[in-house]
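Step one of this worksheet: look at the structure below.
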Amino acid sequence: MKVTVVGGGIIGCATAYELAKAGCAVTLFERATPGAEASSAAAGMLAPLGDASGSPFERLAVASWQLYPAVVEELRSRTGVDVEYVTRGTIYPLFDAEDVRRAETRVAGREMREFGIEAWDTADVRVREPALATRVRGAMFVGADHWVNSQRLVVAYAQAAAAAGVILRAGTSVSRIIVEDGRTHGVVADGDRCEADAVLLAAGAWTAALAASFGARLRVEPARGQMLALTHVPPVLTHTVRTDDVYLVPRPSGELLIGATVERVGFQRTVTAEGISSLLAAAIGLVPSLGSLPIVRTWYGFRPWAPDGLPIMGPWPDIEGLWVATAHFRNGILLAPITAHLMTEWMVSGEPGVRVEEFAPQRFLSRDRSTF
Ligand SMILES: Cc1cc2nc3c(=O)[nH]c(=O)nc-3n(C[C@H](O)[C@H](O)[C@H](O)COP(=O)(O)OP(=O)(O)OC[C@H]3O[C@@H](n4cnc5c(N)ncnc54)[C@H](O)[C@@H]3O)c2cc1C
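Offset between the sequence shown (1-based) and this note's numbering: plus 1021.
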């Protein structure tokens, strides 16, 4: 099967790679370079447990998280790229004695032990992450939370894809999806018609523009995230630390990432004084000694966001050969391996192999037939 993938972010590169391994002849179009947008902006946290325990989203996230050790090893053996996979876990600080007591009661469950969840009291916090502010009275610690360097990960997937036979057309923009007689016949890229049996839309926050090219309205929008990095040598923190306002991710390469805002401001390509200052205030409030560290860089990225915050994955209704995998919002790095596997299985065999009806494009179609 001849497949065209549009978009060379983590979702497009990972899926192109798996499709090539499954025997497809794949061409991937990326208008800039692989990982040029959200996928390189990401902090790379792999945190599979959400607020809605046992939800379809959490099941998908856990399934992807379980794939990670093998994916990291496979990419390393095929490309030599070290994606800085770190498995030290995340500290979720608690500021109130009552919250600490509640956390201690909650950790008794089987799932809690399975995912390496511990409740820490004040003394544990002082010993295990001494740089945290004294107002931190305890913590939930989630050992199952891991993290990767997302820039390296997307490069590793792109290199593995090319080595597996994917034709990578970087610097080539797709202007139109060709839809005729109820099926897709490929794309128009840099003015040329490129024929394919199947097309996968994986253009992140820009996927709506591709849908518009064949007259459909896809409800995917950008959610801007601003971040910054501090020089972190010698390291102040050994774990990721995460609250509702901010997260801190220590990278082995000597940077401490501080993120991230979530803003609906369209495609405004800038960081703002307010965005960066709010992140810094929250970070220094958690770890006072960060105040004296140098700022290395600031950046932003556009997360692909759908109105219910969930991914959109599956065959495009009523157009044969057209597929979509986008709207991974805050979890595209975590969800890349499972997305690549299930989309490949679905496109090649006709079945996704994992329960995904909650993420189907039809969920928007059923509310408003003209809009999805
Ligand atoms: C600040 C920030 C922090 C984040 N932190 C995390 C995290 O810790 N953990 C996590 O799991 N997720 C995180 N995310 C979310 C994650 O980055 C995204 O969900 C994921 O990168 C989306 O991948 P994608 O491939 O769909 O989109 P993108 O990476 O945006 O890729 C889309 C690609 O399509 C290309 N493209 C667009 N239009 C066209 C066209 N017409 N022709 C050709 N190419 C085109 C673009 O150039 C782009 O490279 C974060 C995101 C941000 C912004």
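Where is the CB? At the ideal position from N, CA and C, for every residue including glycine. Given the structure is predicted, the values throughout are model-derived calculations rather than measurements.
Quick one: what's got a C-beta closer than 6 Å to Thr-1319's C-beta in the same chain, skipping five residues either side?
Same-chain partners within the cutoff: Leu-1249, Val-1292, Ile-1297.
Along the chain, where does the alpha helix (DSSP H) that runs through Phe-1078 open and close?
Per DSSP, the unbroken alpha helix (DSSP H) holding Phe-1078 starts and ends at 1077-1100.
Secondary structure of Arg-1127, DSSP reduced to three states:
Shown here, Arg-1127 sits in a helix according to DSSP, grouped into three states.
CB contact flag (Thr-1261, Thr-1111, <9 Å)
Cβ atoms of Thr-1261 and Thr-1111: closer than 9 Å.
Which residue comes first and which comes last in the beta strand (DSSP E) that contains Ala-1220?
The amino acid at residue 1220 is misidentified as Ala; the sequence shows Val. 1219-1222 is the extent of the beta strand (DSSP E) around Val-1220.
Which class does Gln-1247 belong to by DSSP, given the choice of helix, strand or coil?
DSSP places Gln-1247 in strand when its eight states are reduced to three.
Rounded separation between Gln-1289 and Ala-1226 - CA only:
Our two residues, Gln-1289 and Ala-1226, have alpha carbons roughly 13 Å apart in a direct line.
Taking a contact to mean a Cβ-Cβ separation below 9 Å, would you say Ser-1209 touches Ala-1217 in this structure?
Sequence inspection shows Val at residue 1209; the Ser mentioned does not correspond to that position. No Cβ-Cβ contact shorter than 9 Å links Val-1209 with Ala-1217.
Three or more C-beta pairs closer than 8 Å, one from the region 1269-1285 and one from the region 1228-1236: is that the case here?
At 8 Å Cβ cutoff, the stretches do not touch.
Measuring only the C-alpha atoms, how far is Met-1255 from Met-1334?
According to the sequence shown, residue 1255 is Pro rather than Met. Between Pro-1255 and Met-1334, the C-alpha separation is close to 42 Å.
Is it the case that the CB of Met-1248 approaches a heavy atom of ligand 1 more closely than 8 Å?
Flag set: Cβ of Met-1248 near ligand 1.
Examine ligand 1 and report whether any of its heavy atoms sits within less than 8 Å of the Cβ of Leu-1067.
True, at least one ligand heavy atom lies under 8 Å from that Cβ.
Could you give the distance in angstroms between the alpha-carbon of Val-1308 and the alpha-carbon of Pro-1151?
Approximately 9 Å between the Cα atoms of the pair.
In chain order, which continuous runs of the beta strand (DSSP E) of length 3 or greater are located wholly inside the region 1255-1290?
Listed in chain order, they are 1261-1263, 1268-1271, 1276-1280.
Assigned exposure category for Ser-1098 - 16 Cβ within 10 Å defines buried:
Around the beta carbon of Ser-1098, fewer than 16 other beta carbons lie within 10 angstroms, which makes this residue exposed.
Using only the alpha-carbon positions, how far apart do Ala-1181 and Thr-1100 sit?
Computed Cα separation, rounded: 6 Å.
Which residue wins for smallest C-alpha separation from Gln-1247, given the options Leu-1301, Gly-1029, Thr-1205?
Of Leu-1301, Gly-1029, Thr-1205, the residue nearest in Cα terms is Leu-1301.
Do you know whose CA, among Arg-1384, Glu-1341, Gly-1306, lies nearest Asp-1266's CA?
Closest in C-alpha terms to Asp-1266, from the list Arg-1384, Glu-1341, Gly-1306, comes Gly-1306.
Could you tell me whether the region 1078-1098 touches the region 1371-1379, where touching means 3 or more Cβ pairs closer than 8 Å?
Yes, the region 1078-1098 touches the region 1371-1379.
By DSSP, does Gly-1374 sit in helix, in strand, or in coil?
Annotated three-state conformation of Gly-1374 is coil, per DSSP.
Should Lys-1042 and Ala-1185 be called a contact, given that it needs their Cβ atoms to be closer than 9 Å?
Yes; because the gap between Cβ atoms is below 9 Å, this pair is in contact.
Can you tell me the Cα-Cα spacing of Ser-1387 and Phe-1162, whole angstroms?
Reliability of the predicted coordinates at Ser-1387 is poor, the pLDDT of 44 falling under 50, and no value is obtained from them.
Taking Gly-1159 as the reference, give the member of Pro-1077, Ala-1057, Val-1121, Thr-1048 with the closest Cα.
Per the Cα distances, Val-1121.
So, helix, strand or coil for Glu-1119, using DSSP?
Residue state, collapsed to three classes: helix.
Tell me whether Trp-1367, by its Cβ, gets closer than 8 Å to a heavy atom of ligand 1.
Not one heavy atom of ligand 1 lies closer than 8 Å to the C-beta of Trp-1367.
Closer than 8 Å: is that where the CB of Ser-1194 sits relative to any heavy atom of ligand 1?
Indeed, a heavy atom of ligand 1 lies less than 8 Å from the Cβ.
Run through DSSP, which three-state label would Ala-1294 get?
Ala-1294: helix per DSSP, three-state reduction.
With hydrogens ignored, establish whether the beta-carbon of Asn-1170 is closer than 8 Å to any heavy atom of ligand 1.
The answer is no for Asn-1170.
Inter-residue Cα distance where the pair is Arg-1390 and Thr-1036:
Because the pLDDT at Arg-1390 is just 46, under 50, the model does not fix this residue reliably, and the value given afterwards should be weighed accordingly. The straight-line gap from Cα to Cα measures roughly 28 Å.
Same chain, Cβ closer than 6 Å to Glu-1125, five either side skipped, listed in chain order:
Answer for Glu-1125: Ala-1140, listed in chain order.
Cα-Cα, which of Val-1104, Arg-1384, Arg-1285 is closest to Val-1176?
Checked all of Val-1104, Arg-1384, Arg-1285; the closest Cα to Val-1176 is Val-1104.
With a CB to CB cut of under 7 Å and the five nearest residues on each side skipped, what residues in its chain are close to Val-1286?
Excluding residues within five positions, the ones whose Cβ falls inside 7 Å are Arg-1245.
Taking 8 Å as the cut-off, is the CB of Val-1163 close to at least one heavy atom of ligand 2?
This structure simply doesn't include ligand 2; it includes ligand 1 instead.
Could you tell me the distance, in whole angstroms, from the CA atom of Ala-1062 to the CA atom of Glu-1295?
The straight-line gap from Cα to Cα measures roughly 19 Å.
How about Tyr-1089 and Ala-1361: are their beta carbons less than 9 Å apart?
In this structure, Ala-1361 does not lie closer than 9 Å to Tyr-1089 by Cβ.
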